[in-house]
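Take the sequence shown: its position 134, counting from 1, is numbered 207 in the numbering used here, and each next residue is one higher.
Quick notes on the structure that follows.
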Amino acid sequence: MLPWRIHLKCLFRCRFATKFGQVKRVTNRLFSDRYLFVTNIIISASLSGVGDAIEQKLHIGRKKEEEEEFDYVRSKNMCLSGITVGILTHKWYKWLDGKYPGRTLDIVKIKVLLDTLVFSPLQICTFFSTMGLLEKSDV
């Protein structure tokens, strides 16, 4: 290999390692105990909003004969619902990890069972209640 190619290859690797290191530092900070609550809420709201936007775009794309517009209020409501679900989910998993620490198979089975039987119905009720309140419908 020519010396200048080796230099360019090394420069690319160094830049990539630097960028990767910066991303890793930011990620570690966002998922630290200090910022985890806010990070989880932002992730939950973002996923809810983006998921709804994708669904609306796909739905509008299929209905070519009808003139439908993107419903920004619906996406806003999904983001707000994502906030309430994110708060509840964060608190639940913090409690669950405190009550049942560890990662053994038996502990994971207990966590999955509790998550399925106890938390899922609560989370579903919270989601629909929040959406009902935001849409001003009879809950």
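Where a beta carbon is used, it is the ideal one built from N, C-alpha and C, also for glycine.
So, with DSSP's three-state summary, where would you put residue i?
{"i": "residue 174", "result": "coil"}
{"i": "residue 210", "result": "coil"}
{"i": "residue 93", "result": "helix"}
{"i": "residue 57", "result": "Examination of residue 57 is not possible in this model, given that the chain is present from 74 through 212 alone."}
{"i": "residue 154", "result": "helix"}
{"i": "residue 105", "result": "coil"}
{"i": "residue 144", "result": "coil"}
Output needed for residue i: all residues of its chain with C-beta closer than 8 Å, excluding positions within five of it in sequence on either side, in chain order.
{"i": "residue 153", "result": "118, 203 and 207"}
Roughly how many angstroms separate the alpha carbons of residue i and residue j, rounded to a whole number?
{"i": "residue 181", "j": "residue 157", "result": "25 Å"}
{"i": "residue 163", "j": "residue 99", "result": "20 Å"}
{"i": "residue 113", "j": "residue 104", "result": "9 Å"}
{"i": "residue 191", "j": "residue 165", "result": "10 Å"}
{"i": "residue 210", "j": "residue 199", "result": "15 Å"}
{"i": "residue 142", "j": "residue 134", "result": "10 Å"}
List the endpoints of the continuous alpha helix (DSSP H) containing residue i.
{"i": "residue 130", "result": "109 to 135"}
{"i": "residue 200", "result": "193 to 207"}
In chain order, what residues of the same chain lie with their CB nearer than 7 Å to the CB of residue i, ignoring the 5 residues before and after it?
{"i": "residue 35", "result": "A query on residue 35 cannot be resolved here, the shown segment of the chain reaching from 74 to 212 and no further."}
Cβ-heavy atom distance between residue i and the ligand ZN below 8 Å?
{"i": "residue 159", "result": "Annotation note on the ligand ZN: not contained in the displayed structure, which lists no ligands."}
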